[in-house]
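What follows is a short report on a single structure.
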Amino acid sequence: MDSARLPNLTAMPATAPGRKPPIPVKIIVAGGFGVGKTTAVAAISEIDPLTTEAEMTAAGIGVDVPGATADKTTTTVAMDFGCVTIDQSLKLYLFGAPGQARFGFMWDDLARGALGALVVVDSSRLDDCYAAVDYFERSDLPFAVAVNAFEGQIAHDIESIRWALALREGVPILVFDARRRLSVRDAMLVVLDLALARATRAEAR
Amino acid sequence: MDDADHNPRPRPFVLTAGRVGTLDPDIELHTQVTARVFDPNAAELAVLASEARAIVALCAEPLSVAEISARLRLHLGVTKILVGDLRAAGLLDVHVMDAVSPHDPETILRVIHGLRAFT
């Protein structure tokens, strides 16, 4: 039967119903293929990263016109995510977003309500992150660039990378190790500091 | 769940009766969902597709839309539509008002303190 592959309902725990859900907050981890996004999410997440598949309308950034249907195809993309329970009433979600320019629509979906984003960069393949950097430069979401130090090394120094990516003055760039929990945590704290500064400014207005 | 390979899955649009796209803008990736019905033998559940029943069962504990999608291996778009249906049917609560504003400094500070406590 069809239901065989679904959880057995009678085996579900008889939990005390009505536990209040936590407030969800989210940070986006963006970057090109194979730069260490999922590694970073896995390093800090309290659960093994989960994957959700979403149907995406694929079209190039800057080409999309809402309502226009020509030249669009639907693609299924996989998105990995993890979470960190801050306390009973607050849960941080980390969504790894595919970096290709044509998934710009998906980023809009992801960016809505996000505190900020971390763009993960492989210093030997800077090309792969242009789309993500460009997207967040144009959005008003706080973001930082994290250069993943493969084998403890980066191919170019930080200032050269900043120059090559044409990063705005206020965008922090840091080196981190996507495999290490505290290193990823520190990178998240840089994003959260930006988010806090922005939120504080907004409140003062 | 082990039988997944042996049972051809219905195409996603079969589950959603042909609907595509997100109908309810309240239902986002991180939106928390909780069940209203906890008795697996409840009459309201008997009429549902097995996927919909599985969503209600999973949400005995609060769960995000993304987690529901991943755990049941349902497409995100399909999950959103089914969650919307179940909400409309009064079987699920979708906790929209609880979503934090990215402009709330106090909440951001709590996240910062929580991460700093990592060892």
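So the sequence lines, in the order shown, correspond to chains W and H.
My numbering applies: residue 1 is where the first sequence begins, and numbers increase by one.
My numbering applies: residue 206 is where the second sequence begins, and numbers increase by one.
For every residue, glycine included, the Cβ atom is placed at its ideal position computed from N, Cα and C.
Residue i, DSSP secondary structure in three states
| i | result |
| --- | --- |
| residue 70/W | At residue 70/W, the pLDDT of 47 sits below 50, so the modelled position is not reliable; the number obtained from the coordinates is stated separately. DSSP places residue 70/W in coil when its eight states are reduced to three. |
| residue 114/W | coil |
| residue 308/H | coil |
| residue 159/W | helix |
| residue 81/W | strand |
| residue 128/W | helix |
| residue 318/H | helix |
| residue 285/H | helix |
| residue 136/W | helix |
| residue 221/H | coil |
| residue 90/W | strand |
| residue 171/W | coil |
| residue 53/W | strand |
| residue 194/W | helix |
| residue 20/W | coil |
| residue 123/W | coil |
| residue 324/H | coil |
| residue 42/W | helix |
| residue 239/H | strand |
| residue 273/H | helix |
| residue 25/W | strand |
| residue 187/W | helix |
| residue 291/H | helix |
| residue 298/H | strand |
| residue 250/H | helix |
| residue 141/W | coil |
| residue 268/H | strand |
| residue 204/W | helix |
| residue 149/W | coil |
| residue 30/W | strand |
Contacts around residue i, its chain only, beta-carbon distance under 7 Å, and the 5 residues preceding and following it disregarded
| i | result |
| --- | --- |
| residue 86/W | 92 |
| residue 408/H | Because residue 408/H is not part of the residues shown, which for chain H are 206 to 324, the question remains open. |
| residue 256/H | 220, 277, 279 and 287 |
| residue 123/W | 147, 154, 155, 156 and 161 |
| residue 136/W | 117, 119 and 143 |
| residue 24/W | 91 and 93 |
| residue 127/W | none |
Any non-hydrogen atom of the ligand COA closer than 7 Å to residue i Cβ
| i | result |
| --- | --- |
| residue 53/W | As far as ligands go, the structure on display features none, and thus does not contain the ligand COA. |
Rounded C-alpha distance that separates residue i from residue j
| i | j | result |
| --- | --- | --- |
| residue 112/W | residue 244/H | 35 Å |
| residue 283/H | residue 180/W | 35 Å |
| residue 177/W | residue 192/W | 18 Å |
| residue 290/H | residue 266/H | 19 Å |
| residue 174/W | residue 242/H | 48 Å |
| residue 321/H | residue 189/W | 8 Å |
| residue 77/W | residue 271/H | 14 Å |
| residue 247/H | residue 31/W | 45 Å |
| residue 54/W | residue 29/W | 17 Å |
| residue 203/H | residue 312/H | One cannot answer for residue 203/H here, as it falls past the ends of chain H, which runs 206 to 324. |
| residue 205/W | residue 47/W | 39 Å |
| residue 45/W | residue 203/W | 30 Å |
| residue 200/W | residue 253/H | 47 Å |
| residue 84/W | residue 38/W | 15 Å |
| residue 34/W | residue 319/H | 29 Å |
| residue 317/H | residue 323/H | 10 Å |
Close Cβ partners of residue i (< 6 Å) along its chain, the five nearest in sequence each way excluded
| i | result |
| --- | --- |
| residue 165/W | 133 |
| residue 195/W | 115, 116 and 142 |
| residue 98/W | 77 |
| residue 51/W | 78 and 80 |
| residue 22/W | 89, 90 and 91 |
| residue 110/W | 28, 95 and 97 |
Contacting residues, own chain, Cβ-Cβ under 8 Å from residue i (five flanking each side not counted)
| i | result |
| --- | --- |
| residue 159/W | none |
| residue 43/W | 178, 179, 180, 181, 183 and 184 |
| residue 187/W | 40, 118, 144, 146, 174 and 176 |
| residue 234/H | 269, 270, 271 and 281 |
| residue 259/H | 277 |
| residue 68/W | Because the pLDDT at residue 68/W is just 43, under 50, the model does not fix this residue reliably, and the value given afterwards should be weighed accordingly. Nothing listed; no residue qualifies. |
| residue 294/H | 249 |
| residue 172/W | 144, 145, 190 and 194 |
| residue 231/H | 299 and 301 |
| residue 106/W | 54, 56, 77, 79, 97 and 98 |
| residue 273/H | 238, 260, 263, 264, 279, 284 and 288 |
Do the stretch 284-301 of chain H and the stretch 234-242 of chain H meet, that is, are 3 or more Cβ pairs less than 8 Å apart?
yes
Taking any Cβ of chain B, which residues in the stretch 104-117 of chain W have a Cβ under 9 Å from it, in chain order?
Given the protein chain composition of this structure (W and H), no chain B is represented.
Cβ-based contacts, 8 Å cut-off: residues of the stretch 165-190 of chain W near chain H:
181, 182, 185, 188 and 189
When Cβ atoms are compared, which residues of the stretch 277-292 of chain H fall closer than 9 Å to chain W?
Only those residues of the stretch 277-292 of chain H whose C-beta falls short of 9 Å from the nearest C-beta of chain W are listed: 277, 278, 279, 280, 281, 282, 283 and 284.
Output needed in chain order: residues of the stretch 250-266 of chain H with a Cβ under 9 Å from some Cβ in chain W.
250, 254, 255, 256, 258, 259, 261, 262, 263, 265 and 266
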